[in-house]
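So the sequences go chain by chain: A and B.
My numbering puts the first residue of the first sequence at 133, with every later residue one more than the last.
My numbering puts the first residue of the second sequence at 133, with every later residue one more than the last.
This report refers to the structure that appears directly beneath it.
Protein chains: 2
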Amino acid sequence: MAVETKKYTDNQELIAKFSNALGHPVRVAILQQLSKQSCCFHGDMAEVLPIANSTLSQHLKVLREAGLIQGEIDPPKTKYCINKDNWHLAKGLMIGFFD
Amino acid sequence: MAVETKKYTDNQELIAKFSNALGHPVRVAILQQLSKQSCCFHGDMAEVLPIANSTLSQHLKVLREAGLIQGEIDPPKTKYCINKDNWHLAKGLMIGFFD
DNA sequence: AATGTTGTTCGTATATTTACGAATGAAAAT
DNA sequence: ATTTTCATTCGTAAATATACGAACAACATT
């Protein structure tokens, strides 16, 4: 019946979740690229970033699971975009956090 | 002779470093408390937060090493404050990052 | 049907993170 | 001098993160 007491506020959990996603420079680089242009293909990022293809997939998954990006298959490529709703949510939370 | 090529920009590294420090809800809680009032004692935080004393010390160390807080011994207690310079730096970086 | 392109997932190794209690250190109070 | 208070560091365990190449899946092209 879930008698668990919540240890942290939703606000704290969300800030931590989004921050965590930004906690690796390659993910910062990915998001900077995606927010500059509207979308980007996996392959194009893979050419530029100093990591293996499979590692890029992992980082994209982290960003997807944090809700900051969304991917769609656009055969034969995979296209990633910023998830604007959550991007704005994150922005608002971070601005609120830093005052 | 350090022939290493830098993989990421200073901006990306810094954003990742600060974000990393914000990547755990208890550290978000600590910083929210510290930014609300000017300073806070370890002991007062330990009473409120749902973690062991030694774990709190570790988290405070993470925040210190990220440059977001600074501690000083105020016998018999330890007092922590926001590092305002880096706080503002982080704020600026995050605002720039999110546009 | 066989091949090629694109990306993900799997398997694995290594490093880091998170957590706790025990031990320690440093300073104050008795 | 001994004890108490406060916080850090140590030792350890378990979980998560990061990285890579190999294997795989999906789809297009030949």
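Where a beta carbon is used, it is the ideal one built from N, C-alpha and C, also for glycine.
Would the beta-carbon of residue i fall within 8 Å of that of residue j?
i, j, result
"A:His156", "B:Ala148", "yes"
"A:Leu163", "A:Leu192", "no"
"B:Ala178", "B:Leu188", "yes"
"B:Ser151", "A:Ser186", "no"
What residues in its chain sit with their C-beta under 8 Å from that of residue i, if we drop five residues either side in the sequence?
i, result
"B:Ser167", "Ile214 and Trp219"
Going by CA-CA distance only, name the one from the options that's closest to residue i.
i, options, result
"A:Val160", "B:Tyr140, B:Asn185 and B:Lys211", "B:Tyr140"
"A:Pro208", "A:Ser151, A:Asn152, A:Leu146 and A:Phe173", "A:Phe173"
"A:Asp217", "B:Phe230, B:Asp142 and B:Asp176", "B:Phe230"
"A:Ala153", "A:Gly175, A:Gly228, A:Gln190 and A:Pro182", "A:Gln190"
"B:Gln144", "A:Gln165, A:Ser170 and A:Met226", "A:Gln165"
Could you tell me the distance, in whole angstroms, from the CA atom of residue i to the CA atom of residue j?
i, j, result
"A:Gly224", "B:Leu200", "20 Å"
"A:Gln202", "A:Tyr212", "6 Å"
"B:Gly228", "B:Leu181", "32 Å"
"A:Cys171", "A:Glu204", "10 Å"
"A:Gln169", "B:Gln169", "40 Å"
"B:Asp142", "A:Thr137", "40 Å"
"A:Leu146", "A:Met226", "10 Å"
Here's a check: name, in chain order, each residue in its chain whose Cβ is nearer than 7 Å to the Cβ of residue i, leaving out the five neighbours to either side.
i, result
"A:Val158", "Leu181, Ile183 and His191"
"B:Gly175", "Lys209"
Output needed for residue i: all residues of its chain with C-beta closer than 6 Å, excluding positions within five of it in sequence on either side, in chain order.
i, result
"B:Asp206", "none"
Under 7 Å: does the beta carbon of residue i sit that close to some heavy atom of the ligand HEM?
i, result
"B:His156", "The ligand HEM is not part of the structure shown, which contains no ligands of any sort."
| task | Identify each residue in the stretch 160-194 of chain A for which the Cβ-Cβ distance to at least one residue of chain B is less than 9 Å, and report them in chain order. | result | For chain B, the residues of the stretch 160-194 of chain A that bring a beta carbon within less than 9 Å of one of its beta carbons are Val160, Ala161, Leu163, Gln164, Ser167, Leu181, Pro182 and Ile183, in chain order.
| Contact list for the stretch 137-149 of chain B against chain A, Cβ threshold 7 Å | Answer in chain order: Lys139, Tyr140, Gln144, Glu145, Ile147 and Ala148.
| What residues from the stretch 217-231 of chain A come within 8 Å of chain B, judged by C-beta to C-beta, listed N to C? | Answer in chain order: Trp219, Ala222, Lys223, Met226, Ile227, Phe229, Phe230 and Asp231.
| said: Using a Cβ-Cβ cutoff of 9 Å, what residues of the stretch 198-218 of chain A are near chain B? List them in chain order. | reply: Within the stretch 198-218 of chain A, not one residue has a Cβ closer than 9 Å to any Cβ of chain B.
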